[in-house]
Every structure is written in C-alpha cells, then in structure tokens.
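Worksheet: one structure, shown below.
Numbering (the UniProt record's numbering), first residue to last: 1 to 959.
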C-alpha cells in the first residue's frame, strides 16, 4: 500500500496547475441552479481526478528528469533520499516551479493550460446537459434518475477538446453520457428489430436504450452478468454469430472487448459508432500481387470487424487478443507498463514492469469455454446471413439500411495505439525542449504511416490537425454522415472523397465469398489461445480399426491429396507470386492472415514441401500432382520477392523491426530452407547468395529480440549459420554463430550444474523441450561447441541438459511441462516434450556411444507411445512428429514391445482415413503450414519411403 500512497503524493504535486481553473469551474457550477451542492462537489471532484491522471501521464517523465537534475546539482534539502524526495514534491507543488521550467520547455505551460481548460470546459458542458436533461432520462433507468451521486470521466479516450464518455451513478440508477450523437444506436436498434421480424425469431443480441440529443446522448447502463447454464451460454454465442452477420453487412470495425458486455445469454453492443467504415483500395505492398490479393480478401472479411480473436501487433498491446470475444483469462501475455522505480527517494526513475491484462466484461462465464461453443457462433452467422441474403434478393435489405443514412459515424483512420505512441513522444521532455523538431518527426511518421495504412491521412493539413490534437492530450477524431462519406476532423479539415457509405457497404457485402467467411470464423478460434489446442476437443484420433495392407499406395494417396489441396487453395498473382490465408503463428501468437515467409507455418515451409514433392515425384516415390512443379517455382519466386522488398525497407527510410532470428519463425529458418533448396538444385540457383544476404542481418535481428529459444530466438539462428559456414566455406558465419552462443551463455541463470534462460513471463524459471526450452538451446550450443571447439558452449549445454533431467517425472515417466497449463503434467510432443527431447539427443549421439542416449531414447519413445498419440496429426505436436521419434526408436530396438515400422504406418494411415487430416482447432480449414498444418503431414509421408533422403525438419541439419 505504501507505493500507492507515494503515487498519490506524486500526483498531488500537480494540483497547483489546475487549481485556478477548478476554482472558475466551481463558480460556473454555482450558476447552474438545477445542480445541488452535492452534485457540484461530485462534478468538481471527478474533474480534479481526471486532470490529475491526465497530467500525471503527460508529465511524469519530465518530473523525474528534473528530480534527477536537482539531485545531481545538489539543489535538494534533506538528510536522506526520502527527505530530498519530499523537498522536490513540495517545490513542484508551486506554480513558480512550473513557470521557471518554460526556460527549458518553452511550450510546456501553454500545452498544460490548454489541456486543463479543455477538460474543465467539457465538465461544465456535461453539467449543463445533465441539469437540462435529467427530468427526461427516467426511461433509461425505469424510474426518475434522481440526484447524481457518482461520476467517472474518461471511460474511453479524450476527443475534440477534452470530451470523454462518462459513467454516472444516480439515486435512481446508472447511466452513460456520450458526448456524440447516438442516433446510430437508435438506427441499429431499429435495424435489429426489423431483421428479427424477417428472421422469424428473436435475435439474442442487444443495443442499450438511448436518448439522442443531436451532438450528444444518454444511454442505459448495462450490468455485466454471467450466463446461467448451458442454454444461456448457447444463446450468447449464437448471438455472437448474429452480430458477426450484421456487422459484416454494416461494415463495422473496432468492435473490441470494451465495446461488448455479456449480460447472461445476450451479447450487448455498448458502442456502435464505427459502422460503415470506408474501404479504400489497398496500395501495392511490393511483396507480390498474390499477397496483395490475399490482404484485400482478408480486409473485406468478418476479421475487419474486430469481434473475432486475433493477436495485436502494436507496441504495448503486442500479442494480446483484444477482440470482442477475446481477452480470455489466462491466455494473454503480461503487459509491460511504465512504473516509477525507487519512488519516495531522490533516485526515483522511470522503469517498466509486467502486469496482467485487465479483466474485461465481454465473457458470459468466468472461465469461457470458447472452443466448446464456437460452433454456435458459426451457426448463428450462417442462419442470419441466409436471412440477409433472402432479404437482399427480395429487394428489401437496402430499404432496411436507409434508417442509417442521416446517422453520424466515427472512422478510426489510424490505430489508437499509434496515436498513443505519438502522444507519448510529443510529451517527452526532449520533445518539450525542442517542439519544432518533435512536431516535424511526428509529421514524418504520420506521412509514412499513410503509405502503409489505407485510411491514414497523408494530406499535410489533416496531419497538422491531428498533431494539434495530440499536443493538447486528445486522440484525433474523424466522423461523417453515412450518406456523405467525407470525413470531418478537428479545425475543419476533411479527408477522403464523398460517397454513400451504406451503399458501399452493401456492395462489399454482396461481393463476399461466404464460404471463405465461414472458414475465417472457424480458423480464428486458434487466435484466442496462446497454445493452439493440442487436443482434439475431447475426441481421439486413434483408429477404431487398423488396416495393414497397401501401405505404400495409401501413403502416396494421402500425400498427393494434401499437395493437390495445396495447389487448389493457392491465391495467385499475375506476377507469378502465390499466397495462402490461414492461421499463422508469429512472435505475437496466432492470427488468421496471409502466410509469412517463415519455416514454421509460412512460405519457407511450403516451399520446402513443394520442392520435396517434386523431387520425390521425379524419383517415382510420389504420385503425380498436376501443377505442383509450377507452384514450387512460384513459391520460391514469392520468397525472393519478399526478401527483396524487406531488404529495400531495411535499407530505406522506413524504419522496420528486423525479423526474428529463430530456426522456425525467423531468419534462421528461411536461411536453412534456402540451403536445403540449394542442395536440391533449386529452380532459381541463387539460394546461397540470398542465404548469405539474410545471414548478414542476423546480429541486428538478435539485438532486436529478447527471445533465446529455438523457435523464434537466438539459439534458432545457430544451426542455419553452421550450415551456411559449411556450404559457403566462409568462417565469417561461424563467427556470427559464436557471438550468438556467447550471448546465450551470458544471459543464462545458473545454480550449480543447473541452468535456464528466463525468456517468457509465463515461465520465469525456465522451460524444457526443444522449440521453446533448454533442450533446443542446449542442442544448439552443443553443435556450436563441436564446430568451434569452445568448451564454454559445451559446458553450458551440459548444464542445460542437467536442468532437462531434473524435469523428468519418475511417476509419470515423462518430462514435466513447466508451463503449467492445467492439462497433463508431462508433455509428449516435439515442441515441449518427449519427441523433441529424444530426437535432439539422438542427433547429438546417433551411434548411441553413450548409454545415457539409449536410456533417454527409450524413455522418450515410451512416453510418446503412451501419451503422445491420437491428439492430432501435425508435425509440431501430433502423430506425424511422434512417428519420427518412434521410427528411430524402432530402428534402435528401444521402442515399446511389438511396435514395428509397418505397424506404425498402418496406424497413421488408418487414422487419416477414419478422421481425415486433423491439425487442432482449425478443423475444416486448409492449413498448409509445415509444422502446425497439413504441409508437415505430407512432408513426413514423403519421408516414410525407405529410399527417401529428405532431411528432418524437427532437428535441423547443420551439415
């Protein structure tokens, strides 16, 4: 509690800045006779609180900088740090202190005073509106609202001169004040009512009752209340499907977790101001026409609404699923937030700390079973979409939409997170000291943003207006009438050409591929979970009966079927590029998007599969598939386009974050893929120089990344660099690998012979396993030790393996999953458990010269056979990854009794035939990825031929 008290003390020092304005506001409130003295105090008190928080957010960096300067220059009085802190607080509580700062920060007081005056003016405006409307608001509470008892400004961002949404508690109930027109809420209520009548049954969605006053409005308050039983849960998720259908038609966006409240069996939309969002054509990306087509396709789907799960990319929200059905408890990364370190002393400074994501009110149960009820959402979407299409065919839908024509809607032209970052930059002490330079930098950033975000303004006059809003603490606000379409911003600026937004939304909706929309809805489920769902949702993929005949013909058939789907599902550009849309794993988590360039689930992995199929097909070990040779060439061309474009961006004037360095998601995997293709006499013949060019960026990638694992981190770059050094004959790449090895050793936390890397907030004391944990890091360091002769790497590798040994549970006969996900205690898959552990150690000792290797392989095989089969089929955490380990164990004679190579294949083929290829929560969606998808199933089927020499992707070759 002491830290909170210190924080309040710190905030209190800002009171001198707004005391005069609060005094004037108090006088203005007295002149509103309809307000009681208690209500005036409530409004004044909340204005004081909101000003304190706003100024604290803007001025903390500056105050800490001035505190440090005063300490260094010995201008503070006191016997210790605490007394000197109090001396500084007392000084900064005087207006003279702030006026003296204008010598170093010329625009400071002008900006501060503007912010204060805007907030006080907004409070006065609220008070007048409340006094005027109070008597007419009883319909929102079911009784006279009575006296204002509590008030909370800032339930959302500040716009247009300090205006914010406010939450009210009155003697007659609770209300919401919105400083914008709520006519669109009324129109949406009427639209839903008309649609329900046409649908033939009530729709389990709700928009709160509102009273519109033109420039502002009042809304009923909706309590968050959990559903009571399965019937209400089913109703809620069916309602989510209804919402998806309606919002897809209405071109909605920004329907995130804070804009949706769960009230028993009903999802309630509490903010619907972003309907009919314009969709200007997207500019060419430079990554190929196929990617542009895929991006345009995604931009027009239900994903654009913001209701479906998806992981954020923005700094500060990185990896968080903030969607309308997102923010699942326990499935979000920790948020990094600024904090004051050493508060209460004169050595206070700004730092950061990790905090859990705040719990939202968008879920109908404390532990949402999203995966269980998601079919209800899909069913609701399909049923209501059928009704909408029937109405459209009858010519009635356009008539229903006319109710929106005169409504004012908001358009979010830049991500709010981007505005927030720009605002922080503009209020930084360096920016306050040199405002002209800071403003120019902000202009440049917003202009560059306009080249990548289709709605972002590029007009200098509009950018200037946005900049002026940020300088006084507001988030820029653009709105338009639905029938007009031209956006209006602050200071009279306008953006985008006029056009009827409802008509445009209807045209876009009619052009939708509804089968694709359904697949998108299915596929987004994976984004809600940090883990992609290893289980098969309560079912087993173990075959009920195993068929043992025609093994090679069945192997060929399954591989060819998947590769034919790969060909059929490709999105093609006229420039020879190709793309696929699927659930993709990147450093932020899972999201549905066009495949990136990585090996794990992206184009490098698909390129490896396609080239491998062509190779095996020519050798007579795989059935012919029409189009696969052309596709293989086109994928490699697409990878070349991506490399060329990224290189131009890195060396150009657009600052981009380097790719991750990892072996599966990152440069390491892309380099390794090129080197494999070079060994196979790839189509282009330029793979080696391209790999070398990417390797030159490895150290920058490692410096920008705090991950150490194989999947995305520094350890994952080592095997690719070792292979590159061998194939190129250049020791330079071995030196780069050694630098990464030393970085890994430097960050290791060691206790005796045990070592681990703190690389995730979910497991601060380390993880086991190959992809994310110490096994993969130890394997990479051991390989590096053999290539360089440096004993430090081998010593650290052995210490890592000691940590791995300590995770083995004798009772469970498996390696403990230290993520503690609430599922099985041990893990028996490649990424976290026995498959990866067994394969890594066998790769280090293929002849099993050390008895430990044989024992470990036997343990891994038994754990995998007992616990790792029947969940799904993928390489990363499914049966086709398990096959590789068990095949090695069979060859070594340490497999479970009775297990044979042919028997294992018969089991796998029977499972594929009875259940179809299954790769997790994305059932029914074609996922081409090598590690998490069907691509890896096909790749392993190719490797099952006894004469195949395709390399393993579970343990990357280094020679």
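C-beta: ideal position from N, C-alpha, C; glycine also.
Give the straight-line distance between the Cα atoms of residue 577 and residue 690, rounded to the nearest whole angstrom. Going by the C-alpha atoms only, they are around 18 angstroms apart.
Contact set for residue 264: own chain, Cβ-Cβ below 6 angstroms, skip 5 residues either direction: 225, 227 and 232
Cβ separation of residue 836 and residue 711, assumed to be a contact under 8 angstroms, to the nearest whole Å: Residue 836 to residue 711, Cβ: 11 angstroms. No contact.
Between the alpha carbons of residue 137 and residue 163, how many angstroms are there, rounded? 21 angstroms
Do residue 348 and residue 67 come within 8 angstroms of each other at the CB atom, strictly closer than that value? yes
In terms of DSSP beta bridges, what is residue 255 paired with? According to DSSP, residue 255 bridges with nothing at all.
Which residues mark the beginning and the end of the beta strand (DSSP E) in which residue 212 is found? For residue 212, the enclosing beta strand (DSSP E) covers residues 210-212.
Note down, one range per segment and in chain order, each alpha helix (DSSP H) of at least 4 residues found wholly within the stretch 504-533. The alpha helix (DSSP H) runs of length 4 or more contained entirely in the stretch 504-533 are, from start to end of the chain, 514-524.
What is the DSSP secondary structure of residue 796, reduced to helix, strand or coil? helix
In its own chain, which residues sit with a C-beta less than 6 angstroms from the C-beta of residue 122, not counting the 5 before and 5 after it? 162 and 163
Cβ-Cβ distance between residue 285 and residue 238 below 8 angstroms: no
Assign residue 949 to buried or exposed, taking buried as 16 or more other Cβ atoms, counted over all protein chains shown, within 10 Å of its Cβ. Counting Cβ neighbours within 10 Å, residue 949 comes out exposed, since fewer than 16 surround it.
At the level of alpha carbons, what is the spacing between residue 14 and residue 57? 11 angstroms
Among 472, 430 and 501, the one whose alpha carbon lies nearest that of residue 486: 501
Going by beta-carbon coordinates alone, are residue 599 and residue 670 separated by less than 8 angstroms? yes
What is the rounded straight-line gap between the Cα of residue 767 and the Cα of residue 828? Spanning the two alpha carbons is a distance of roughly 14 angstroms.
Could you spell out where the beta strand (DSSP E) holding residue 194 opens and where it closes? It is not in any beta strand (DSSP E) - residue 194 instead sits in the alpha helix (DSSP H) that spans 183-199.
Coarse secondary structure for residue 178, derived from DSSP in three states: strand
On the DSSP bridge list, what partners appear for residue 267? 262
DSSP-derived helix/strand/coil call for residue 862: DSSP, reduced to helix, strand and coil, places residue 862 within a helical segment of the structure shown.
First through last residue of the beta strand (DSSP E) which encompasses residue 883: Segment 879-892 is the alpha helix (DSSP H) holding residue 883; no beta strand (DSSP E) there.
Starting from the Cα of residue 477, find the closest Cα among 460, 495, 483 and 484 and give me that residue. With respect to the C-alpha of residue 477, the residue from 460, 495, 483 and 484 having the closest C-alpha is 495.
Taking 8 angstroms as the cut-off, decide whether the C-beta atoms of residue 659 and residue 701 are in contact. yes
For residue 311 and residue 145, the rounded distance between their alpha carbons: 41 angstroms
Let's test the definition: count the other Cβ atoms within 10 Å of the Cβ of residue 533 and tell me whether it reaches 16, buried, or not, exposed. Since pLDDT at residue 533 reaches only 45, below the 50 mark, its modelled position is unreliable, and the value read off the structure follows with that caveat. Buried is the call here.
So, for residue 952: in the same chain, excluding its five sequence neighbours on each side, which residues have a beta-carbon less than 6 angstroms away from its beta-carbon? none
Less than 8 angstroms between C-beta atoms, sequence neighbours within five positions excluded: which residues of the same chain meet that for residue 176? 155, 165, 166, 167, 168, 208, 218, 219, 220, 221 and 270
Determine the burial state of residue 540: buried for a count of at least 16 other Cβ atoms within 10 Å of its Cβ, exposed for fewer. exposed
DSSP state of residue 304 mapped onto helix, strand, coil: helix
Just mark residue 971 as buried or exposed, buried being the case when its beta carbon has 16 or more other beta carbons within 10 Å. Absent from the structure is residue 971, since the part of the chain shown begins at 1 and ends at 959.
Start and end residues, beta strand (DSSP E) containing residue 970: There is no way to answer for residue 970, as the model of the chain reaches only from 1 to 959.
In the DSSP assignment, what are the bridge partners of residue 353? 337
Is the CB-CB distance between residue 889 and residue 869 below 8 angstroms? Cβ distance not < 8 angstroms, so residue 889 and residue 869 don't count as in contact.
Reduced DSSP secondary structure (H/G/I, E/B, other) of residue 472: coil
In chain order, what residues of the same chain lie with their CB nearer than 6 angstroms to the CB of residue 664, ignoring the 5 residues before and after it? 599, 600 and 711
Output needed for residue 773: all residues of its chain with C-beta closer than 6 angstroms, excluding positions within five of it in sequence on either side, in chain order. 767
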